[in-house]
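Engineer: Questions regarding the structure given below will be posed in turn.
Numbering (our numbering), first residue to last: 4 to 238.
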């Protein structure tokens with residue numbers, strides 16, 4: 004992350020916005036630290052988030068299962084499918100972005116400048132954040148956090164908030180043509196800790212849509228979503 008970025012003030016701002024308290028900022032700093040950042044700042048003796056992610060993944064899976072068991076009168080097989088939908092990389096990354104905790108992630112310069120922080124990393128950090136929250140407080144604190152920010156999405160089984168628009172566009176195009184779509188990076192701008200990417204999606208040399216996001220993958224998803232609206236509307 005750029006030298007201008009300071010974890011503490013940004014962390015305090017996000018926690019205040021979310022109405023969360025904390026006892027150990029260092030624990031949360033670990034939850035947001037990717038191995039590439041550790042490699043570039045060896046003098047700080049930081050730990051990466053992987054152990055906290057392991058813990059948070061188990062906690063999230065358990066609390067989602069508990070919520071479904073207590074609040075949804077549905078068969079075991081259906082509960083398993085719903086949990087898989089709401090506890091996955093795309094869903095976790097979406098939660099993190101909505102809460103704006105993705106802005107706190109500490110990664111190496113190469114990650115930020117080349118592709119931006121991927122949804123895989125963001126999703127992992129959501130789980131490590133929960134792991135840190137559990138150690139800093141307790142299970143009930145994490146449960147209340149999920150009750151407010153995650154469980155409401157499960158009341159209607161609405162998966163639309165993390166639809167893979169790239170896959171849907173590819174399926175739509177291939178139903179009409181044998182040729183695939185391709186994505187092209189048009190521009191990237193902004194400081195290292197706040198990059199913006201603009202991507203266009205093409206089919207047979209024709210631009211179908213454009214998208215802007217904080218990562219290339221996010222920009223591609225937005226471009227695909229915009230393209231779907233155009234090609235489906237013109238059919």
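All C-beta atoms in this analysis are idealised placements derived from N, C-alpha and C, irrespective of residue type, glycine included. From a predicted model like this one, the values you see are computed outputs, not experimental measurements.
From what residue to what residue does the beta strand (DSSP E) around residue 248 run?
Structural biologist: Shown here, the chain extends from 4 to 238; a query on residue 248 therefore has no answer.
Engineer: Determine which residues share a DSSP beta bridge with residue 212 and list them.
Structural biologist: 204
Engineer: In this structure, how does DSSP classify residue 26 when only helix, strand and coil are distinguished?
Structural biologist: For residue 26, the secondary structure class from DSSP, reduced to helix, strand or coil, is coil.
Engineer: Does the ligand GDP have a heavy atom nearer than 7 Å to the CB of residue 175?
Structural biologist: With respect to the ligand GDP, the structure offers nothing, as it holds no ligand at all.
Engineer: Beta carbon of residue 114, beta carbon of residue 89: below 8 Å?
Structural biologist: no
Engineer: Starting from the N-terminal side, write out each stretch of the alpha helix (DSSP H) that is 4 residues or longer and does not extend beyond the stretch 63-133.
Structural biologist: Contiguous alpha helix (DSSP H) elements confined to the stretch 63-133 occur at 79-89, 92-102 and 112-117, taking only those with 4 or more residues.
Engineer: For a test of the three-state rule: what should DSSP assign to residue 187, helix, strand or coil?
Structural biologist: It is a strand residue.
Engineer: Among the candidates 146, 228, 100 and 211, whose CA atom is the shortest distance from the CA of residue 217?
Structural biologist: Answer by Cα proximity: 100.
Engineer: Within the same chain, show all residues whose beta-carbon is closer than 6 Å to that of residue 59, passing over the 5 residues directly before and after it, in chain order.
Structural biologist: 130, 131, 133 and 134
Engineer: Can you give the Cα-Cα distance for residue 64 and residue 33, rounded to whole angstroms?
Structural biologist: Distance between the alpha carbons of residue 64 and residue 33: 21 Å.
Engineer: Given residue 243, which residues of its chain have a CB within under 7 Å of its CB, disregarding the five upstream and five downstream residues?
Structural biologist: Residue 243 lies beyond the stretch modelled for the chain, which goes from 4 to 238, so this question has no answer here.
Engineer: The alpha helix (DSSP H) with residue 146 in it runs from where to where?
Structural biologist: Looking at the DSSP string, the run of the alpha helix (DSSP H) that includes residue 146 is 142-152.
Engineer: Who are residue 192's beta bridge partners in DSSP?
Structural biologist: 199
Engineer: Give the C-beta separation of residue 107 and residue 13 to the nearest angstrom, bearing in mind that I take them to be a contact with Cβ-Cβ under 8 Å.
Structural biologist: 6 Å
Engineer: Quick one: Cα of residue 155 to Cα of residue 199, how far?
Structural biologist: 30 Å
Engineer: Under a Cβ-count criterion, where at least 16 other Cβ atoms within 10 Å of its own Cβ denotes burial, should residue 117 be classed as buried or exposed?
Structural biologist: exposed
Engineer: Evaluate contact between the stretch 170-182 and the stretch 73-83, counting only Cβ atoms and requiring at least three cross-stretch pairs below 8 Å.
Structural biologist: no
Engineer: How is the alpha helix (DSSP H) around residue 172 delimited, first residue to last?
Structural biologist: 168-179
Engineer: How many angstroms separate the CA atom of residue 78 from the CA atom of residue 56?
Structural biologist: 29 Å
Engineer: For residue 74 and residue 152, I'd like the C-alpha separation in whole angstroms.
Structural biologist: Answer to the nearest angstrom: the Cα atoms are 16 Å apart.
Engineer: Between residue 169 and residue 93, how many whole angstroms is the CB-CB distance? I'm expecting something under 8 Å.
Structural biologist: Rounded, the Cβ-Cβ distance is 11 Å, inconsistent with contact.
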